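Protein chains in written order, with the numbering used here: chain A, 2 to 290; chain B, 113 to 287; chain C, 17 to 797. Even for Gly, the Cβ is constructed at its ideal location relative to N, Cα and C. Please read these numbers as outputs of a predicted model, since none were measured by experiment.
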Amino acid sequence: MKPAPFKYYAPESLSEALDVLAQLGYDGKILAGGQSLIATMNFRMSQPAALVDLNNIKELFFIRPANDGGLSIGTMTRSSTVEHDKLVAKQSPLVAEAMPFIAHPQIRNRGTFGGAVAHADPAGQAPALVLALNAKLLLKKKGSERWFDADDFFMGPFTSVLEPDEMLVEIVLPPLPAHTGTAYKHVARQSGATSLVGCATVVKLDDKGRCSTAKMVLQSVGMTPFNAVQAAKLLIGQVPGEDIIRAAGEAASKEVDPGTDIHATEAYRRHLAGVLVRQTLNEAFTRAR
Amino acid sequence: MSDLYAIKLTVNGAVVEREVEGRLLLSDFLRHELCLTGTHVGCEHGVCGACTILFDGQPVRSCLMFAVQANRHEIRTVEGLGTMEHLHPLQEAFHEKHGLQCGFCTPGILMTMIPFVESHHNPTHEEIREALAGNICRCTGYEFIVDAVQLATQKMHAGMKIAEASIANAIQEKR
Amino acid sequence: MSTKVIGQRIKRNEDPQLLTGQALFTDDVQLSGMVHAAFLRSDHAHAMIKSIDTSVAKKRPGVLAVYTAEDFGDYWHVGPLQVPPPLAIPGAVFNARPLPPIAKDKVRFSGEPLAVVIAESRYIAEDALADILVELEPLKAITNLEKALEPGAPLLHDDLGTNLAADVRQEHGNYAEASAKADVVIKRRFHIDRGAAAAMENRGFVVDWDKRSRQMNVWSNCQAPIPLRNTIAANLGLTASQVRVITPFVGGGFGPKIMTSQAEDVLLPWIAMRLERPIKWIEDRRENFLATTSERDQIHDVEIALTKDGKILGFSDTFYHNTGAYDPYGMTVPLNTHTHTTGSYDIANFFTRVIMVFTNTMIVTPVRGAGRMYGVYIMERMLDIAAKQLKLSPVEIRQRNLIQSNQFPYKTGIIGQDFVENILDSGNYPATLQKAVEMIEYDKFVKEEQPRLRAEGKKVGIGVVCFVEGTAVGPYEGARVNVDGTGKVTVVTGISSQGQGHFTSFAQLVAEQVGVKVGDVRVITGDTGHFHWGAGTFASRGATVAGNAIYTAATKVRNKALDLASKVLETPLEELEIEDGVVRVADIPQKSISLGELATRANPMRGTIDPNMEPGLEATAFYGPPHGATGQGAVAMIVDVDPETYAVKIKRFVIVHDCGTVINPLILDGQIQGGVSMGIGNSYYEQIIYDGHGQVMNASLMDYLLPLSTDMPLKMELGHISTPSPLNPLGAKGVGEAGAIPTPAAFAQAMENALADEKIEILQSPLSQSIMWQMVQEKRK
């Protein structure tokens, strides 16, 4: 299992990288952490003509407070850095909670947060997290940039709005208002294995203890990270109790769109979606109070 | 032959300069260009962990990196731990507790656990198992590996100075 | 006798090399001018080969040669069969279809080699695979065992006219009569699916032909170096002495590395002679799923006949066994199922029939456990079902049927993989079960803990099963032990070693007899240049069969040393002792001579010797058992199933085992623990899944799940009972597969018990959380 030949570019700055990407067009492929890409290249399922390696671009490695009080993460920040970062733990406990479930430590030491988002794996944690947290994504190409809501970013399995010469540069996680609670859970066959289903949940309570916002984003139950809007609708305006949370779980179980594969049936995945929505809601509401 | 790229890196303390093809996997570079065959290759898709090395001090899969990416970085492989005569305390503990059978996965496990044993003084078995979960061993059933890691942390914690001396000895010997 | 070394918990001699990355594995062999091979493998499971055009591939820079079946001319041949047909069983039908090294005219499984590229690097060789143009005419593939035998099913071997590979029946007593008299007869059907050996080191092969010395050296991680040497020599018309097969350190075997008739074994030596360049082939992980043999895939129709108090009157099993596309390894796997079904129990009437079937899937050869666990699985499952029906506890029904200690040797009347009647040699079966029950505190769990935990909403369950492990089969192994002038000892044997600790356990056998330190015994395994008799490492036979040969050779060397010392020291034999490498007079310790000195004297360079003297402190010995020695044991485990997700935690795992004399308890524990982890994999994680077209759906470690540290119980509780085997001087029985054999059966029982409210019956293996959840939903409907 050896990769096919490719031309290798290792730009040292963002602008240089964007230049190279612009030149290469469809021939270019960004190499971030490479923990998914290089594996598929070794299988020769992916044979890019050229790789643009971002690992030497220091300006893409950062975690810092954003202007609006949120958190800004540079695309090349290693997953393990995000996992252990104090600012992340404080400002975005959902991310901190979910990171240890991404593969294994050696993969997180090399894999990057932005790479995992851009990879747009519907089974991945990072896409679900940015969707659940209403992240803003900064996309750049030579001579232009655009901001995208995570809600609009994912198009399908391993497909996003990113153009061939475009790069996800920065992920901004908006601040969590008071009385917000978050929770992450997943079910996998083994430690570090792909989520059979995962769920990242964010809820907010108003001053009367009613649920004012709810967002439950599920992994592995659709073509993109799945936003369980029907379940969320049931919760809005309600004081969360056992019945309504159970109903939300059941709604999620109905609205998700999973498939059957060698690890789990569609029906089992629906069941898990319901269980995880319920479990994460319980946890998140408790934390919101 | 596709293009060659000049790289310069530090491997087990020694500076290495080579020209490599862009696609050459770091695992193959270490094994076949540098003849450091202690790093083993079990799957080449990042699951088994046999090829784990320390890259700038952090355990990573050498099969999921290209050699060219190691340019200007520092690598440590199993050959950079102890010698047969002066084992590193972690290696010593694996010997003591029968933490290996065929030994194929062992170098990857050692390199995964080096930062762990250096930073954990008295880990629980659950913590050790979680840290080990990215390395597959088909022979042992893991229990004696867990025991070995536990023993190593105890030994290293109790006698940090002794451990350092043994590493220094080992390096001395290599030179 | 000198210090007791056998039975000591001694740390391994081989560890320092392995721990420092200094051990030589096959892929570590670097030879000057070495080139690399890669195989083009069929994407189709069943197809006619219309054409293969290698012209573009041959032109790629760095490519030396590309070969298809046609290019091998008359050299292309099928086979040989690696294991002979079961002629010893009356009425056995066996259709031999040995393996072609590379597909000619027709492809019969996905992954079958179509072409081989030799290039300056593996990277270039893989590039060239993409240059080869293959035109295949797909045929309908057959993967389903029963459908393969239906009229009109696609035929794998057209000349045969059927997909029936074998039909073998054996009966002890008379099942029909027994069932007619029974109070209860229970029938069930079981599906058991396929798993991989998945050694961490994939297969590898390096061949170097030296034209001037007319000598071929081969480094291979095979389990059978001597048969491989013989096959290569015979294929090429060389004498066996012209081929040296070396098995260096091997990264796990677990069965499939026993193969010696696959593409690399047959083709690469021929190519190396023509190209006059050393060739290396290292299998990659994807190939390991597509090109390495695997095991399982059986459907069993089972009946058990019992009295109302739970005594088994008879047992009947007719099963389909998938042999894959060819049957080069004969019937070893299903014959193991035959001999392990009645297992630990005294059953007077037993019928067993295997219908072996060709399908468009990978060839089936032994994988750790090798057919044994399926026999054990169906028996133990049927006992569980019977126990429920008869309102007995799982422990009681087993206790009522176990073979008792006074029944040995126990003749089963069933012929096994070694083509002789399976006779259980010794043991204390009730004691192993009792010990397992006590260790897990069965009664306390069932009466106190389980009700309490269930009241808390937990789903916890317990399973207790028994098993036998037929081991240490013939034909024979040999060894040569030599003391040289340094006083150090070298022992060589023909089997190869894959991590079982032979470099230490064999050294112990010699150290005790010859009176040296274990660290002063160098063990060489699997190098035909050193020792060229033997069959290989399989069927948990290394420590027992080779071990007894080594022990006997070492005893001879001891006697030789004492004889010579007696002359030199002018002291009667019985007054001498050997310790720490020195022979001395017991009462006058200063009157002594070192083994090194004796070795030098035993090999004089000038002068004369006694007419009958064989030079050197050296001896060779062989050991061949009349039939295998059978280990036995019991497993008890407790599982905790998440009531919502069905994720499983193994809370406790007890295994009690009797493998006779123990050579090294440390290595023994490791062997058992490793076997258990494979058993847990087979229970809940590992399954090679084929689609209806014969494609492997999970040919990677991302999708084929091997047990991780976090999947294992926190502690495996091991219990040992030792009933030495009367069959060999050491009293040893094998143990390599013990842990793998009972675990799926114990797991199923524990899961069923945990989900007792749901009243499910588990009739398949392996399981998963999705499968368990689906099973419960079906039952609730």
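Residues are counted here when their Cβ sits less than 9 Å from a Cβ of chain C; for the region 245-261 of chain B these are A245, G246, N247, I248, C249, R250, C251, T252, G253, Y254, E255, F256, I257, V258, given in chain order. Chain C places a beta carbon closer than 8 Å to that of A/H264, counting this residue as a contact.
The continuous stretches of beta strand (DSSP E) do not include C/M713, and DSSP gives it neither H nor E. For C/V599, the beta-bridge partners assigned by DSSP are C/I594, C/I609. Within the region 752-765 of chain C, no residue has its Cβ closer than 9 Å to any Cβ of chain A. For C/L291, no beta strand (DSSP E) run applies; the uninterrupted alpha helix (DSSP H) run containing it begins and ends at 279-291, by DSSP.
Residue state for C/F206 is assigned as strand, using DSSP reduced to three classes.
With respect to chain A, the C-beta atom of B/V190 has no partner C-beta closer than 8 Å. For the region 226-242 of chain B, the set of residues with a beta-carbon nearer than 8 Å to any beta-carbon of chain A comprises E242, in chain order. Annotation: C/C675 to C/E485 spans about 9 Å, alpha carbon to alpha carbon.
Counting along the chain, the unbroken beta strand (DSSP E) around C/F374 starts and ends at 365-374.
A buried status is given to C/S693, since no fewer than 16 other beta-carbon atoms sit within 10 Å of its beta-carbon. Residue nearest to C/T308 within the set C/M621, C/S126, C/A551, C/I430 is C/S126 (criterion: CA-CA distance).
Taking CB atoms only, A/Y185 has no neighbour in chain B less than 8 Å away. Under the three-state reduction of DSSP output, C/A54 falls in the strand class. In the three-state reduction of the DSSP assignment, B/Q266 falls in the helix class, which pools H, G and I.
Around the Cβ of C/C482, a 10 Å sphere holds 16 or more other Cβ atoms; the residue is buried.
Annotation: B/V258 to B/H237 spans about 7 Å, alpha carbon to alpha carbon.
For C/W225, the secondary structure class from DSSP, reduced to helix, strand or coil, is strand. Residue pairing from DSSP places C/W235 in a beta bridge opposite C/V222, C/I262. By the neighbour-count criterion, in which a residue is buried when 16 or more other Cβ atoms sit within 10 angstroms of its Cβ, C/D434 is buried.
Contact between A/M2 and C/R600 does not hold, since their C-beta atoms are separated by about 60 Å, which reaches or exceeds 8 Å. Taking a Cβ-Cβ cut-off of 7 Å, C/S699 has no neighbours in chain B, whose nearest Cβ is about 13 Å from it. With a 10 Å radius around the Cβ and a threshold of 16 neighbouring Cβ atoms, C/Q46 comes out exposed. In the structure shown, C/C482 adopts extended strand secondary structure according to DSSP, grouped into three states. Two segments are said to touch when three or more pairs of C-beta atoms, one from each, lie closer than 8 Å; by this definition the region 665-682 of chain C touches the region 734-750 of chain C.
Secondary-structure assignment with DSSP links C/D656 through a beta bridge to C/V476, C/K665. The beta-carbon distance between C/D43 and C/I298, rounded to whole angstroms, is 5 Å. This is short enough to meet the 8 Å contact definition. Neighbours of B/C163 in chain C, taken as residues at a C-beta separation under 8 Å, are lacking, since the least C-beta distance is about 11 Å. DSSP, read as helix, strand or coil, puts C/N111 in coil. Below the 9 Å Cβ cutoff, chain B contributes H144, C147, T149 as neighbours of C/Q46, in chain order.
The beta carbons of C/I22 and C/E454 sit no closer together than 8 Å.
At a cut-off of 8 Å between C-beta atoms, A/G29 does not count as an interface residue with respect to chain B. Setting aside the 5 residues that flank it on each side, A/L174 is surrounded in the same chain by G71, L72, S93, L134, A136, each with a C-beta closer than 6 Å to its C-beta; the list follows chain order. Within the region 106-165 of chain C, the runs of beta strand (DSSP E) that reach at least 3 residues and sit entirely inside it are, in chain order, 129-135, 149-154. Following the DSSP letters along the chain, one finds C/D317 inside the beta strand (DSSP E) bounded by residues 314-322.
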